[in-house]
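Undergrad: My numbering numbers the first residue of the sequence shown as 1 and each following residue consecutively.
Once you've had a glance at the structure underneath, I'll fire off some questions.
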Amino acid sequence: MNRLIFILLLWAAMTAFAKDYVKDAEPAILEVHYTRIEVTDTTKRNSHFFKDPVMLRIGKNKSVFCGTKRLWQDSIMECDLATFWAMDQAKTMSGKRDDTQLACGHYWGYIYKNIPNGKVTERCYFDMEHWQYSEDWDKPEWAIGNSTKTILGYECVEATTDYRGRKWTAWFAPEIPIQEGPWKLCGLPGLILEAHDANNEYIFEANGLVQNPNSEVGIFTYDAILS
1 MNRLIFILLL
11 WAAMTAFAKD
21 YVKDAEPAIL
31 EVHYTRIEVT
41 DTTKRNSHFF
51 KDPVMLRIGK
61 NKSVFCGTKR
71 LWQDSIMECD
81 LATFWAMDQA
91 KTMSGKRDDT
101 QLACGHYWGY
111 IYKNIPNGKV
121 TERCYFDMEH
131 WQYSEDWDKP
141 EWAIGNSTKT
151 ILGYECVEAT
161 TDYRGRKWTA
171 WFAPEIPIQE
181 GPWKLCGLPG
191 LILEAHDANN
201 EYIFEANGLV
211 QNPNSEVGIF
221 TYDAILS
């Protein structure tokens, strides 16, 4: 029962946070949930890696990609009561009361794409500070192959690209005609449901889709939260 109450309070806080602290927001039409795996030591792959839930929220003109746990933490900062109570409960339930980083996951960034103006804004947390920068939307140039496989009930087609110093393989679903995907991977004639680099050091695997979620797509304004 306590766990259910905790989850409901988190959801309420996330909804309130989206309405009050998201700049230039628009309603999300689709929310995609992925598992993100990052290998931190290539000589010890089986034990040295991070595995985090991440999500992609997609609107008609914008999208935002972020860590799910990080979003939870930022959301409950919307009110002091939620902050202290929910974070305390999260640590208790995880058995990691002295490790706050695990409570918000290992992926702390937000990647915000504004399709009309062709810009990508990335916000990250480094050295105890929030950092933000914007750049032109540099879409990958894909080569679409012939291989197919089924992911979440959708027939997906293989595509490959050289992007940001890595060779990537992605699987996209033509049945979902949205040219989006995890991280900065995008530009295929269908939603990317799975992707990995050639060395399997970065892996994204979709595990759920939510149509018309009660959420907003926009860039989060930390200054408003922390003031």
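The C-beta atom is built at its ideal place from N, Cα and C for all residues, glycine as well.
#1: Please report the straight-line C-alpha distance between A13 and K69, rounded to a whole angstrom.
#2: Let me check understanding here. Comparing Cα to Cα, which of D52, G181, E122, I144 lies closest to E135?
#3: Are there 16 or more other CB atoms within 10 angstroms of the CB of G218, so buried, or fewer, so exposed?
#4: According to DSSP, is C79 helix, strand or coil?
#5: Any idea which residues DSSP pairs G208 with across the strands?
#6: May I ask which residues mark the beginning and end of the beta strand (DSSP E) holding C156?
#7: How about I203 and G190: do their beta carbons lie closer than 7 Å?
#8: How is L71 classed by DSSP in three states: helix, strand or coil?
#9: Distance check for N200 and I115, CA to CA, integer angstroms please.
#10: List the endpoints of the continuous beta strand (DSSP E) containing K60.
#11: Quick test of your reading: W183 and F65, contact by CB under 8 Å. State the CB separation rounded to the nearest angstrom.
#12: Checking 7 Å against the spacing of the C-beta atoms, do T35 and E205 come in under that value?
#13: With distances taken Cα to Cα, identify the nearest neighbour of K139 among T161, V157, I151, L152.
#14: Check for me: the beta strand (DSSP E) holding W168 runs from which residue to which?
#15: Around the Cβ of A28, are there at least 16 other Cβ atoms within 10 angstroms (buried) or fewer (exposed)?
#16: Might you give, ordered along the chain, the residues of its own chain that have their beta carbon closer than 7 Å to the beta carbon of L152, omitting 5 neighbours on each side?
#17: Nearest to P235 by alpha carbon, out of D24, T150, I58?
#18: Let me check understanding here. Comparing Cα to Cα, which of I111, C124, W137, Y133 lies closest to N246?
#19: Mind checking who S134 pairs with in its DSSP beta bridge?
#20: For K119, is the classification buried or exposed, using 16 other Cβ atoms within 10 angstroms of its Cβ as the cut-off for buried?
#21: With distances taken from CA atoms, which of A198, Y154, S63, T148 is nearest K167?
#22: Our contact map puts C156 next to A173 with C-beta atoms below 8 Å; I'd like the distance itself, whole angstroms only.
#23: Helix, strand or coil: how does DSSP classify D98 here?
TA: Considering the structure as presented:
#1: Counted from its first residue, the sequence shown places residue 13 at position 13. Counted from its first residue, the sequence shown places residue 69 at position 69. At A13, the pLDDT of 48 sits below 50, so the modelled position is not reliable and the matter cannot be decided from this model.
#2: Residue numbering aside, residue 135 sits at position 135 when the sequence shown is read from its first letter. Of D52, G181, E122, I144, the residue nearest in Cα terms is E122.
#3: If you number the sequence shown from 1, residue 218 lands on position 218. Buried.
#4: Locating residue 79 in the sequence shown gives position 79, where the first residue counts as 1. Low local confidence applies: a pLDDT of 45 at C79 is under 50, so the model's placement there is unreliable, with the coordinate-based value given in what follows. Reduced to three states, the DSSP call for C79 is coil.
#5: For the purposes of this step, residue 208 is taken as residue 208 along the sequence shown, with counting starting at 1. DSSP lists H33 as partners of G208.
#6: Reading the sequence shown from its first residue, position 156 is the one you call residue 156. Here the beta strand (DSSP E) through C156 covers 154 to 163.
#7: Stepping through the sequence shown from its first residue, residue 203 is reached at position 203. Stepping through the sequence shown from its first residue, residue 190 is reached at position 190. Cβ distance not < 7 Å, so I203 and G190 don't count as in contact.
#8: As a first step, residue 71 is located in the sequence shown; it is residue number 71 there, counting from the start. In this structure, L71 counts as helix in the three-state DSSP scheme.
#9: Position 115 of the sequence shown, counted from the start, is the residue given in the question as residue 115. Position 200 of the sequence shown, counted from the start, is the residue given in the question as residue 200. Going by the C-alpha atoms only, they are around 29 Å apart.
#10: If you number the sequence shown from 1, residue 60 lands on position 60. Run containing K60: none; DSSP gives neither H nor E here.
#11: Start at 1 with the first residue of the sequence shown, and residue 183 comes out as number 183. Start at 1 with the first residue of the sequence shown, and residue 65 comes out as number 65. A Cβ-Cβ distance of about 6 Å is found for the pair W183 and F65, placing them in contact under the 8 Å criterion.
#12: Taking the first residue of the sequence shown as position 1, residue 35 is located at position 35. Taking the first residue of the sequence shown as position 1, residue 205 is located at position 205. Yes. Within cutoff.
#13: Taking the first residue of the sequence shown as 1, we reach residue 139 at position 139. Among T161, V157, I151, L152, the Cα nearest to that of K139 belongs to T161.
#14: The residue given as residue 168 occupies position 168 in the sequence shown. From DSSP, the beta strand (DSSP E) with W168 extends over 166 to 173.
#15: The residue you call residue 28 lines up with position 28 of the sequence shown. Here A28 is buried, its C-beta having at least 16 other C-beta atoms within 10 Å.
#16: Along the sequence shown, one-based indexing puts residue 152 at 152. Contacts found: L193, A206, L209.
#17: The requested residue 235 is not part of the displayed model; the chain covers only 1 to 227.
#18: A question about residue 246 goes unanswered here, because the residues of the chain that appear run from 1 up to 227.
#19: By 1-based counting over the sequence shown, the position of residue 134 is 134. Answer by DSSP bridge pairing, in chain order: T121.
#20: Looking up residue 119 in the sequence shown gives position 119. Answer is exposed; the Cβ neighbour count stays below 16.
#21: As a first step, residue 167 must be located in the sequence shown, where it is residue number 167. Out of A198, Y154, S63, T148, A198 has the C-alpha closest to the C-alpha of K167.
#22: Here residue 156 is taken as the residue at index 156 of the sequence shown, counted from 1. Here residue 173 is taken as the residue at index 173 of the sequence shown, counted from 1. Going by Cβ atoms, the distance from C156 to A173 rounds to 5 Å, so yes, they are a contact pair.
#23: Taking the sequence shown and counting its residues from 1, the one referred to as residue 98 is at position 98. At D98 the pLDDT is 42, less than 50, meaning the model places this residue with poor confidence and gives no usable figure here.
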